[in-house]
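Step one of this worksheet: look at the structure below.
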Amino acid sequence: MKFPSLVVNFKAYEQSIGDSAVELAKKISNAGKGVVLAVQDVDVFRVSKAVENPVFAQHVDPDPEGAFTGSIQVRAVKEAGAKGTLINHSEHRLDLETIEKTVHAAKEHGLESLVCAQDEELAAQIAHFKPTAIAVEPPELIGSGISVSKAKPEVVTNTVALVKQVDPDMHVLCGAGISSQEDARRAVELGAQGVLVASAVVKSSDPKAKVLDLLKGLNG
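Take the position in the sequence shown, starting the count at 1, then add 92; the result is the number in the numbering used here.
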């Protein structure tokens, strides 16, 4: 990941599945540096073949290779073209032990990890596992159009402070309701090194223009 980073979570919207995921990725792939595309695991291969941006899986399991039917193997998503993975998104929460195991499994296979946390206390705990980055996202603001950087700026500043106490080199992002250049700029002013967005880009009538707008906020 390059920082400041704009991570676009494709989620599972109709605009971001299968062939539509590839088309969306192509539209925003040349918008600028620091754009990471987090796609459904089944679309990692096709999207990673279509664009040069880092492609992250939306989830992996920490299970080793073997008799684990239905498990999403870290090695499998890496060989499909993933450069990293989201872990513990609010729509796919994990317990702390599983988060730690998943971060370590990703490291063992050379994948970066962006771990989501719903609050600053959990973010600080996750920092001990040394993922690539942590994204704090108050779940009540996700998809709301009300940005965390405006509605709850203290969540961002407190998270940055607590995480840096554990690991001064840890990268902290924020998400939830981020949808404009001003939201992104404010996030950086609060100490974040990037933002995690979804519907603001995926559901936009002009995804590339939206990404360019957000990048302007991140890069001043």
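Built from N, CA and C at the ideal position, the CB exists for glycine as well.
None of these values were measured; they are calculated from a predicted model.
Asked	Found
Between the alpha carbons of V166 and L178, how many angstroms are there, rounded?	12 Å
Would you call R102 buried or exposed, if buried means 16 or more other Cβ atoms sit within 10 Å of its Cβ?	The sequence given here places Phe at residue 102; Arg does not occur at that position. When all chains shown are included, F102 counts as buried.
Determine the direct distance from the alpha carbon of V114 to that of P146, and round the result to whole angstroms.	14 Å
How far does the alpha helix (DSSP H) with N250 in it reach, from first residue to last?	245 to 258
With a threshold of 16 other CB atoms inside 10 Å of the CB of A123, please say whether the residue is buried or exposed.	buried
Could you check whether the Cβ of L306 sits closer than 8 Å to any Cβ belonging to chain C?	Absent here is chain C; the protein component of the structure consists of one chain.
Identify, in the order they occur along the chain, each residue of the same chain with its Cβ nearer than 7 Å to the Cβ of G173, setting aside the five sequence neighbours on each side.	V136, F137, S140, K141, V147
Pull up the CB-CB distance for V169 and V152, whole angstroms please, since I reckon it's below 8 Å.	6 Å
Applying the criterion that 16 or more other CB atoms from any shown protein chain within 10 Å of the CB defines a buried residue, is Q257 buried or exposed?	exposed
Considering only residues of the same chain and omitting the five flanking positions on each side of M262, which have a CB-CB separation below 6 Å?	A219, V255
Can you say whether F160 is buried or exposed, counting buried as having 16 or more other CB atoms within 10 angstroms of its CB?	exposed
Looking only at its own chain, which residues have a Cβ that is under 6 Å from the Cβ of A197, when we skip the five neighbours before and after it?	P154, V166
Please list the segments of the alpha helix (DSSP H) lying wholly inside the region 98 to 125, counting only runs of 4 or more residues, in order along the chain.	111 to 120
Just the Cα atoms here: how many angstroms apart are E35 and P245?	In this structure the chain extends from 93 to 312, so residue 35 is not present and cannot be described.
Only counting the same chain, and skipping five residues up and downstream in sequence, which positions put a Cβ closer than 7 Å to that of E192?	F221
Rounded to a whole number of angstroms, what is the C-alpha to C-alpha distance between Q150 and S297?	23 Å
In this structure, how does DSSP classify T161 when only helix, strand and coil are distinguished?	coil
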